[in-house]
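As they're listed, the protein sequences go chains U and Y. Using the working numbering, the first residue of the first sequence is number 1, and each one after it goes up by one. Using the working numbering, the first residue of the second sequence is number 180, and each one after it goes up by one.
Number of protein chains: 2
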Amino acid sequence: MRLFAQSGYAAVSMRQIAREVGVQAGALYLYTPDKQSLLFDLMDQHMKDLLTAWQSREQANADSVIEQLECFVRFHIRFHLPRADEVFISYMELRNLTPENFDVIQIARGAYEEILHDILKAGQTDGTFKLVDPKIATFAIIAMLTGMNTWYRDEGRLSLEMVEEIYLDLVLSAAGTKD
Amino acid sequence: MRLFAQSGYAAVSMRQIAREVGVQAGALYLYTPDKQSLLFDLMDQHMKDLLTAWQSREQANADSVIEQLECFVRFHIRFHLPRADEVFISYMELRNLTPENFDVIQIARGAYEEILHDILKAGQTDGTFKLVDPKIATFAIIAMLTGMNTWYRDEGRLSLEMVEEIYLDLVLSAAGTKD
DNA sequence: CTAGCATTTGAACGATCGTTCATTTAATGT
DNA sequence: ACATTAAATGAACGATCGTTCAAATGCTAG
Numbered sequence: 001m002r003l004f005a006q007s008g009y010a011a012v013s014m015r016q017i018a019r020e021v022g023v024q025a026g027a028l029y030l031y032t033p034d035k036q037s038l039l040f041d042l043m044d045q046h047m048k049d050l051l052t053a054w055q056s057r058e059q060a061n062a063d064s065v066i067e068q069l070e071c072f073v074r075f076h077i078r079f080h081l082p083r084a085d086e087v088f089i090s091y092m093e094l095r096n097l098t099p100e101n102f103d104v105i106q107i108a109r110g111a112y113e114e115i116l117h118d119i120l121k122a123g124q125t126d127g128t129f130k131l132v133d134p135k136i137a138t139f140a141i142i143a144m145l146t147g148m149n150t151w152y153r154d155e156g157r158l159s160l161e162m163v164e165e166i167y168l169d170l171v172l173s174a175a176g177t178k179d
Numbered sequence: 180m181r182l183f184a185q186s187g188y189a190a191v192s193m194r195q196i197a198r199e200v201g202v203q204a205g206a207l208y209l210y211t212p213d214k215q216s217l218l219f220d221l222m223d224q225h226m227k228d229l230l231t232a233w234q235s236r237e238q239a240n241a242d243s244v245i246e247q248l249e250c251f252v253r254f255h256i257r258f259h260l261p262r263a264d265e266v267f268i269s270y271m272e273l274r275n276l277t278p279e280n281f282d283v284i285q286i287a288r289g290a291y292e293e294i295l296h297d298i299l300k301a302g303q304t305d306g307t308f309k310l311v312d313p314k315i316a317t318f319a320i321i322a323m324l325t326g327m328n329t330w331y332r333d334e335g336r337l338s339l340e341m342v343e344e345i346y347l348d349l350v351l352s353a354a355g356t357k358d
């Protein structure tokens, strides 16, 4: 995972991976059928972890849509930030998946986007959110949140908690809740 | 450019590039010193085009910060959307640049981000934007706008003009102008 | 038509790729 | 201590990589 994130799937050789785990290249094939599976399993597990983590979070079903959106934003940040390598790989290496593997990941990604989409649609329907297009807002918000991974550093100017509040404010504003 | 965008720099061979332009691999070296230069020149030209295009846009200096932000958003969308391949490469292939080439691109990228940053800071200072942190808002807005490239298709549900208005609305809201 | 220059070829270089497999080494059960 | 199973090696496979370069080809000026 570290090697793929650092140099990219295509640029990392099985021999480099073997060296990193202290083994000869041939031995890797006792654990994986091929290089492609290493990439797919990494991405597939990441998406499964993501969806599972969402489903098993402390859930308050009677929440207002604003609280639901707030919950989603905080969840997204807290899940993605500590997983910089997985997230990076999952976004950058999609084209190195075989078509079948690509489809699996895309479907999981769609399921995750639908979580936010449903919240935004509900908020638009009951008038809480002043949104022109919930589908586009979904893309925009997720891109905005995930983009954090490209610049956030633990030793940076702002703490995780502060960044979380700032992004929450940006998202709630974009959704049209600030009146 | 098309090959790099499609398969990634590392996965494209000089022989594939040669075949695409109808020539043998050796002949490419009459036009480029090496493969790396192909990638760098592509990205460097893209960044130069971007900054030049911004500087030479029809400029109304007395604009309000809201108009400036609106101008930036429209500019970003109109510049990036028709250049899907260049943008994709410029974001995905950064790690395949040599350190010196990487620095050149990063500096140009910083210059572009500073355009938006300056607008947001000005708007925060004069009270037009209700922003907690202009620097983070800069990252968030650019990520949000650039993310459009991953899903927008010409034959899609919405026209470029409509998408532009929707994103403009999202950005202005996020900046805190909608009261 | 030819001389001279520019362009392209195609073979070759050494290196590295993902993957396989006979063989060796390590661990386990009796 | 030995038989058996598991794990790992390291050499080898054919393929492909970026790059070089002598030789062949195409083009232009005289």
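Yeah, the Cβ is synthetic: ideal placement off N, Cα and C, and Gly gets one too. It should be emphasised that the depicted structure is a prediction, and the values quoted were computed from it without experimental measurement.
query	result
Is the separation between the beta-carbon of U:ALA140 and that of Y:GLY326 shorter than 8 Å?	yes
Measure from the alpha carbon of Y:GLY166 to the alpha carbon of each residue in Y:ASP333, Y:LEU248, Y:ILE298, Y:ARG274, then state which is nearest.	Absent from the model: residue 166 of chain Y. The displayed extent of chain Y is 180 to 358, so no value can be given.
Would you decide whether Y:SER403 is buried or exposed? Buried here means 16 or more other CB atoms lie within 10 Å of its CB.	Absent from the structure is residue 403 of chain Y, since the part of chain Y shown begins at 180 and ends at 358.
Could you give the DSSP three-state label for Y:TRP330: helix, strand or coil?	coil
What's the gap between the Cα of Y:GLY359 and the Cα of U:PHE40?	With chain Y covering 180 to 358 only, the question about residue 359 of chain Y has no answer from this structure.
Looking at C-alpha atoms only, which residue of U:ALA143, U:THR128, U:LYS135, U:ALA18 is the closest neighbour of U:ILE77?	U:ALA143
Please go through the region 255-290 of chain Y and give each complete alpha helix (DSSP H) segment of 4 or more residues, from N-terminal end onward.	263-271
Quick one: which chain Y residues come within Cβ less than 7 Å of U:TRP73?	For the record, residue 73 of chain U in the displayed sequence is Val; it is not Trp. Here the premise fails: no neighbours, minimum Cβ distance about 12 Å.
Among U:TYR29, U:LEU160, U:VAL104, U:ARG2, which residue has its Cα nearest to the Cα of U:GLN45?	U:VAL104
Y:GLU344 lies in the alpha helix (DSSP H); which residues open and close that run?	339-354
For a quick check, are the C-beta atoms of U:ARG74 and U:GLU164 less than 8 Å apart?	yes
Along chain Y, which residues have their Cβ under 7 Å away from the Cβ of U:GLY174?	Residue identity differs from the one stated: residue 174 of chain U is Ala in this sequence, not Gly. Under the 7 Å cutoff, chain Y gives LEU349, SER352, ALA353.
Since Y:ILE315 contacts Y:GLN247 with CB under 8 Å, what's their CB separation in whole angstroms?	Actually they do not touch by this definition, with Cβ atoms about 19 Å apart.
Can you name the start and end residues of the alpha helix (DSSP H) that Y:LEU230 belongs to?	214-234
Taking CB distances under 8 Å as the criterion, tell me whether U:GLY147 reaches chain Y.	yes
Here's the rule: buried if 16 or more other CB atoms are within 10 angstroms of the residue's CB, otherwise exposed. What is U:PRO134?	buried
By Cβ distance below 7 Å, which residues in the same chain neighbour Y:GLN195 in space, the five residues on each side in sequence not counted?	LEU182
Taking the C-alpha atoms as reference points, what is the distance between Y:VAL266 and Y:THR329?	10 Å
Please identify the residue among U:GLN36, U:THR125, U:ILE66, U:PHE72 whose C-alpha is closest to the C-alpha of U:SER56.	U:PHE72
Helix, strand or coil for U:VAL73 per DSSP?	helix
For the alpha helix (DSSP H) that contains Y:PHE183, what are its first and last residues?	181-186
Since I believe Y:LEU221 is in contact with Y:ILE294 (beta carbons under 8 Å), could you give me their beta-carbon distance rounded to a whole number of angstroms?	Rounded, the Cβ-Cβ distance is 22 Å, inconsistent with contact.
Can you tell me where the alpha helix (DSSP H) holding U:GLN16 begins and where it ends?	14-21
Name the chain U residues whose beta carbon is nearer than 9 Å to that of Y:ASN275?	SER7, GLY8, ALA11
Look up U:GLY156 in the DSSP assignment and say whether it is helix, strand or coil.	coil
Compare the C-beta of Y:ASP333 against all C-beta atoms of chain U and say whether one is closer than 8 Å.	no
For the region 191-217 of chain Y, enumerate the residues whose C-beta is nearer than 8 Å to any C-beta of chain U, in chain order.	none
Can you tell which of U:GLY110, U:ALA53, U:MET162, U:ASP126 has the C-alpha that lies nearest to the C-alpha of U:VAL65?	U:ASP126
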